[in-house]
Amino acid sequence: MTVASKDYLYELFNLEGKVALVTGSTGVLGGAMAHGLARAGARVGIIGRREAKAKEVADSIQAEGGTSMALPADVLRQDQLIEIRNRVLQEWGRIDILVNAAGGNVPDAFVPPQGSIFDVPIEATRRVVDLNFYGTILPTMVFGEAMVRGEHVQQPSGCIVNISSMAALRAITRTMGYSAAKAAVTNFTQWLAVELAHKFGEGVRVNAIAPGFFLGEQNRSVLINSDGNPTPRGKLIINRTPLGRFGRPEELITTLLWLCSPASSFVTGVVVPVDGGFSAFSGV
-18 MTVASKDYLY ELFNLEGKVA LVTGSTGVLG GAMAHGLARA GARVGIIGRR EAKAKEVADS
42 IQAEGGTSMA LPADVLRQDQ LIEIRNRVLQ EWGRIDILVN AAGGNVPDAF VPPQGSIFDV
102 PIEATRRVVD LNFYGTILPT MVFGEAMVRG EHVQQPSGCI VNISSMAALR AITRTMGYSA
162 AKAAVTNFTQ WLAVELAHKF GEGVRVNAIA PGFFLGEQNR SVLINSDGNP TPRGKLIINR
222 TPLGRFGRPE ELITTLLWLC SPASSFVTGV VVPVDGGFSA FSGV
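Numbered per our numbering, the sequence shown spans residues -18 to 265.
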């Protein structure tokens, strides 16, 4: 490989000078993605409800030599998101990348092991749909607008990456509300990709990542026992994953960097599984 080709590949994946906002980056997966973007040269805004945790993540990025700031907010509060947008535009002058990583489930929204859909409180399902679906739409409306409109915008450009799920692609027991919400995120990704390309041109792209099973704060106790061994549900998942293990958070980073960089300039409206083969396997 020549030096010129190395330089070419570097430029394809280089995010120097870009400004990225990551919702849910106070969590395990969102935090890993925020670190990955910073290591690729982007300035990264850490958005999450937990102010102390947001500052901790931002400080850890800066300790590695990156540029970051904590932006505590609730993704379901449009007024708080607008305040963040104004602050980012004032301090960094632009928004190039939005990663909608906020989401998750709530205990009451799981179908009970010995119950059925008829035992799930509808309010719990609403909370899950709000967090995962509206928690994707609202940041997109607020921060996406900054990519295509405003005094700082000479030509509309930007990348939006949503986080879908295997639950949107396969029927996974007990996660009714979460599955429906993530399926909506997948559909919204495809719809928005077409909408923004038609209205604002090829510079604005929208894609999604559908992670397989990764250990996070919310699902660790469901998938792993206190002794570190998989629970019965965890064993079932591993048995249905051809690579035979759970994913590691850092394994989401390269796909994210590809979707946010010039390397994917002709890619929009896709949902990329990062799942160890889970979505390809019938179980037989």
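Glycine included, every Cβ here is placed at the ideal spot set by N, Cα and C.
It should be emphasised that the depicted structure is a prediction, and the values quoted were computed from it without experimental measurement.
At what residues does the alpha helix (DSSP H) containing residue i begin and finish?
| i | result |
| --- | --- |
| residue 245 | Note, residue 245: premise wrong, no alpha helix (DSSP H); not H, not E. |
| residue 219 | 213 to 220 |
| residue 202 | 201 to 204 |
| residue 103 | 103 to 110 |
What's the call for residue i, buried or exposed, on a 16-neighbour Cβ count within 10 Å?
| i | result |
| --- | --- |
| residue 106 | buried |
| residue 235 | exposed |
| residue 74 | exposed |
| residue 33 | exposed |
Could you tell me the distance, in whole angstroms, from the CA atom of residue i to the CA atom of residue j?
| i | j | result |
| --- | --- | --- |
| residue 128 | residue 221 | 40 Å |
| residue 121 | residue 94 | 35 Å |
| residue 135 | residue 191 | 32 Å |
| residue 63 | residue 148 | 31 Å |
| residue 179 | residue 49 | 33 Å |
| residue 38 | residue 171 | 31 Å |
| residue 265 | residue 223 | 11 Å |
| residue 202 | residue 57 | 27 Å |
| residue -7 | residue 66 | 27 Å |
| residue 55 | residue 6 | 12 Å |
| residue 44 | residue 51 | 14 Å |
| residue 155 | residue 111 | 18 Å |
For residue i, which residues of its own chain have a beta-carbon under 6 Å away from its beta-carbon, when the five flanking residues on both sides are left out?
| i | result |
| --- | --- |
| residue -18 | Any reading at residue -18 must be qualified, since the residue scores a pLDDT of 47, below 50, and its modelled position is unreliable; the value itself is stated next. So no residue of the chain qualifies. |
| residue 174 | 187, 249, 250 |
Would you mind reading off the limits of the beta strand (DSSP E) that contains residue i?
| i | result |
| --- | --- |
| residue 265 | Premise fails: residue 265 is in no beta strand (DSSP E) and is neither H nor E. |
| residue 252 | 252 to 255 |
| residue 191 | 185 to 192 |
| residue 81 | 78 to 81 |
In the DSSP assignment, what residue or residues form a beta bridge with residue i?
| i | result |
| --- | --- |
| residue 145 | Per DSSP, none; premise fails for residue 145. |
| residue 228 | 195 |
When the cut-off is 8 Å and only beta carbons count, does residue i lie next to chain D?
| i | result |
| --- | --- |
| residue 30 | Here there is only one protein chain, and chain D is not present. |
Can you list, in chain order, the residues of its chain whose CB lies under 8 Å from that of residue i, leaving out five sequence neighbours each side?
| i | result |
| --- | --- |
| residue 198 | 8, 9 |
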